[in-house]
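Below is one structure, written out as structure tokens, with a few remarks after it.
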Amino acid sequence: MQVFYEVALLIAAGIFAGFVNTMAGGGSLLTLPLLIFLGLPPAVANGTNRIAIVVATFSANVGFVSKKVITYPFSIYLGITALVGAILGARIAIDIEGELFNRILAIIMIVVVLIMVFKPKFSANEAQERITGMPLVISMAAFFFIGIYGGFINAGIGFIIMLFLNLFNRMNLVRVNATKVGVAFIYTMGALITFALSGNVNWFYGICLAVGTSIGAWSASRISIAKGEGIIKTIMIVMVLLMSIKLWFF
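Mapping to the working numbering: the sequence shown position 202 is 603, numbers consecutive.
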């Protein structure tokens, strides 16, 4: 009965997180604390959460390619440097003390909530993209550090990536998202392997979560963002605030 309850909870949370990721972003802010609350050590929860991210980003990549929205090799270049950073970030997350990790996660959750509330408006400009030469070099350096954060926790990283690609590289929002999921898939694979090799992945929980995430993302793609984003963001912000208080004090 306990196993059934956990499976149902993980799939339900995955559906919600997948829906939130597609509608507003930040689904890991819910799934990562949930895995900790289910009894997984912080490092194991962190590694397990990567399974759902890998599945979701792979699906998104397939979707963009099928629609002929391709940002290779630019996204591969960024993905490679982010991968190096992610492996480093994952090692830091594995080695850090569990209680300290929980408090860092609580702080990051609050910060990302503030970013969501006061999120800058992303422009859909048609300016000339800057994805070669020196802008490419700068972007690769920046994504090494973005990868460190992605490997460490990953929660809310989508906002950071979107902001950088849109403002610095001057990519329109469709290509920003295509690049984002391409980069995320590459570096998350590296982070997942790093966690797995150190024994910090619960594959059963991760697969259950990934099933839910896939369903949520698929459903959200068929619902108007204009009608759903506001209420989803409100619910998520309230839940994240409650979870961050739990992580910090209990």
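Beta carbons are placed, not taken as given, at the ideal position from N, Cα and C, and that holds for glycine.
Between residue i and the rest of its own chain, which residues show a CB-CB distance below 7 Å, the 5 nearest in sequence each way excluded?
i	result
E407	L439
I561	I547
E530	N570, R571 and M572
G499	P442 and P443
S620	F420
Would you tell me roughly how many angstroms separate the C-alpha atoms of residue i and residue j, rounded to the nearest one?
i	j	result
S625	N422	Model confidence at S625 stands at a pLDDT of 42, short of 50, so the residue's coordinates are unreliable; what they give is reported in the following sentence. Looking at the two C-alpha atoms, the distance is approximately 14 Å.
A457	G559	13 Å
Y606	M535	43 Å
V602	A453	12 Å
Y550	G490	6 Å
I481	I587	7 Å
N504	A418	The residue asked about is misnamed: residue 504 is Arg in this sequence, not Asn. Cα to Cα, R504 sits roughly 22 Å from A418.
A507	N578	27 Å
S540	V513	22 Å
By DSSP, does residue i sit in helix, in strand, or in coil?
i	result
N447	helix
Q403	helix
N567	helix
Y473	coil
E500	helix
F519	coil
K581	helix
N422	helix
K628	Model confidence at K628 stands at a pLDDT of 49, short of 50, so the residue's coordinates are unreliable; what they give is reported in the following sentence. The answer is helix: DSSP assigns K628 an H, G or I state.
G440	coil
So is residue i buried or exposed if we call it buried at 16+ other beta carbons inside 10 Å?
i	result
A592	buried
K581	buried
S460	buried
T533	exposed
Y473	exposed
F569	exposed
S429	buried
M402	exposed
S467	exposed
F405	exposed
Roughly how far, in whole angstroms, is the beta-carbon of residue i from the beta-carbon of residue j, given that I think they are within contact range, below 8 Å?
i	j	result
V470	V575	6 Å
V485	F545	6 Å
G415	G617	6 Å
Of all the CB atoms in chain B, is at least one closer than 8 Å to the CB of residue i?
i	result
F546	Reference to chain B is not applicable here, since this structure consists of a single protein chain.
For residue i, I'd like the list of residues in its chain whose CB is within less than 6 Å of its CB, leaving aside the five on either flank, ordered along the chain.
i	result
F502	P443
C609	V408, L411 and I412
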